[in-house]
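Reminder that position 66 of the sequence shown reads as 66 in the working numbering, one-by-one numbering, no gaps.
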Amino acid sequence: MTRILIGTSGWHYDSWRGPFFPQGLPLKHQLHYYASQFDSTELNGVFYRTPTPESVNTWREQTGKDFVFAWKASKFITHWKRLSDACENSLNLLEDRAKLLRGKLGPILFQLPPQFEANADRLASFFRLLPKRRRYSFEFRHPSWYQPHILRMLADNNAALCFSDHHDAPAPWERTADFVYVRGHGPSGRYHGHYTRPVLAQWTRRIRSWKRQGCDVYVYFDNDQKSAAPADAAKLKAML
Numbered sequence: 001m002t003r004i005l006i007g008t009s010g011w012h013y014d015s016w017r018g019p020f021f022p023q024g025l026p027l028k029h030q031l032h033y034y035a036s037q038f039d040s041t042e043l044n045g046v047f048y049r050t051p052t053p054e055s056v057n058t059w060r061e062q063t064g065k066d067f068v069f070a071w072k073a074s075k076f077i078t079h080w081k082r083l084s085d086a087c088e089n090s091l092n093l094l095e096d097r098a099k100l101l102r103g104k105l106g107p108i109l110f111q112l113p114p115q116f117e118a119n120a121d122r123l124a125s126f127f128r129l130l131p132k133r134r135r136y137s138f139e140f141r142h143p144s145w146y147q148p149h150i151l152r153m154l155a156d157n158n159a160a161l162c163f164s165d166h167h168d169a170p171a172p173w174e175r176t177a178d179f180v181y182v183r184g185h186g187p188s189g190r191y192h193g194h195y196t197r198p199v200l201a202q203w204t205r206r207i208r209s210w211k212r213q214g215c216d217v218y219v220y221f222d223n224d225q226k227s228a229a230p231a232d233a234a235k236l237k238a239m240l
């Protein structure tokens, strides 16, 4: 049974207290509250530092049985080692932590830096390092990646091209996997501002079409400034 999962990229933002989180809500209860409003979140903090096993276990325990976590891979993999064979230890560490989420683990996102231009050989070699049992999505931030042979490589590995509207390199909305991964960075692609209702209506039509095609759809709002992300996520959820 296909699912449409809508949420935000992370949930620990001071500006959300009041507009989204009730005033006085203890920080340790924020995820529990968030999970009462949305079915999924993208773990953004794990991009910057590897979480402890205790933290991952707590995330799993504080959410309902159908909640899903997308996991944004460490910047060691994408920005420092740039998908090279030297990523193997970092990928093993990612798997060691992510598997603690058990059935709540969703796709793993690899967000590449804007200075990283297309390298088909590097991407092909990287795919050979990845466990086959996971779902993967790639967010490219240099437009040179949007080439037919790169998209075919994603499709051959059932990896999703992340439909990102980031200002560095907005992605074409070309499905390459049996699931869809969307990241909304705000109407300007710079992490702020609310999406208009006509834009969200267009997303709604696309999402319904993907669902009819049998695809799971993951949508995460990353326009986190001034609590726009949870507001827009709630609006899109209601429209669907």
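Yeah, the Cβ is synthetic: ideal placement off N, Cα and C, and Gly gets one too.
Which residues in the same chain have their Cβ closer than 7 Å to the Cβ of residue i, if we skip the five residues on either side of it in sequence?
i	result
Val68	Leu5, Asp39, Ser40, Lys104 and Gly106
Phe127	Asn157
Lys235	Leu200
Ala120	His149, Ile150 and Met153
Ser144	Glu117 and Ala118
Ser188	His167
Glu88	Leu129
Please look up how many angstroms separate the CB atoms of residue i and residue j, rounded, as I've assumed it's under 8 Å.
i	j	result
Gln225	Tyr191	6 Å
Leu101	Arg60	5 Å
Glu42	Lys75	Incorrect: roughly 15 Å between the Cβ atoms, too far for contact.
Ser227	Phe47	With a Cβ gap of about 21 Å, Ser227 and Phe47 do not count as contacting.
Leu83	Arg122	5 Å
Gln62	Leu27	That belief does not hold up - the Cβ atoms of Gln62 and Leu27 are roughly 12 Å apart, past 8 Å.
Tyr136	Ala159	5 Å
Gly186	Gly193	5 Å
Thr78	Leu112	5 Å
Identify, in the order they occur along the chain, each residue of the same chain with its Cβ nearer than 8 Å to the Cβ of residue i, setting aside the five sequence neighbours on each side.
i	result
Gly214	Thr2 and Asp178
Ala171	Glu139, Phe140, Tyr146, Leu161, Cys162, Phe163, Ser164 and Asp165
Leu25	Arg17 and Tyr33
Gly45	Gly10, His12 and Pro51
Asp66	Asp39
Trp210	Arg175, Val180 and Val217
Ala155	Thr176 and Ala177
For residue i, collect the residues of the same chain with a Cβ closer than 6 Å to its Cβ; drop the 5 residues on either side in sequence, then sort them by chain order.
i	result
Ala229	Thr8, Phe221 and Asn223
Thr219	Per the sequence presented here, residue 219 reads as Val, with Thr not at that position. Here the set comprises Ile6 and Val182.
Ala98	Trp71 and Leu105
Pro22	none
Trp173	Phe163
Would you kindly report the start and end of the unbroken beta strand (DSSP E) that includes residue i?
i	result
Trp71	Val68 to Lys72
Thr8	Ile4 to Ser9
Thr41	Ser40 to Leu43
I'd like the span of the alpha helix (DSSP H) that includes residue i, first residue to last.
i	result
Arg86	Position check: residue 86 holds Ala in this sequence, whereas Arg was assumed. Segment: none, Ala86 is in no alpha helix (DSSP H) and carries neither H nor E.
Arg60	Pro53 to Glu61
His32	Gln30 to Gln37
Asp232	Ala228 to Met239
| request: Starting from the N-terminal side, write out each stretch of the alpha helix (DSSP H) that is 4 residues or longer and does not extend beyond the segment 91-162. | output: 120-127 and 148-156
| Entirely enclosed beta strand (DSSP E) segments - the segment 164-225, minimum 3 residues | 179-184 and 216-221
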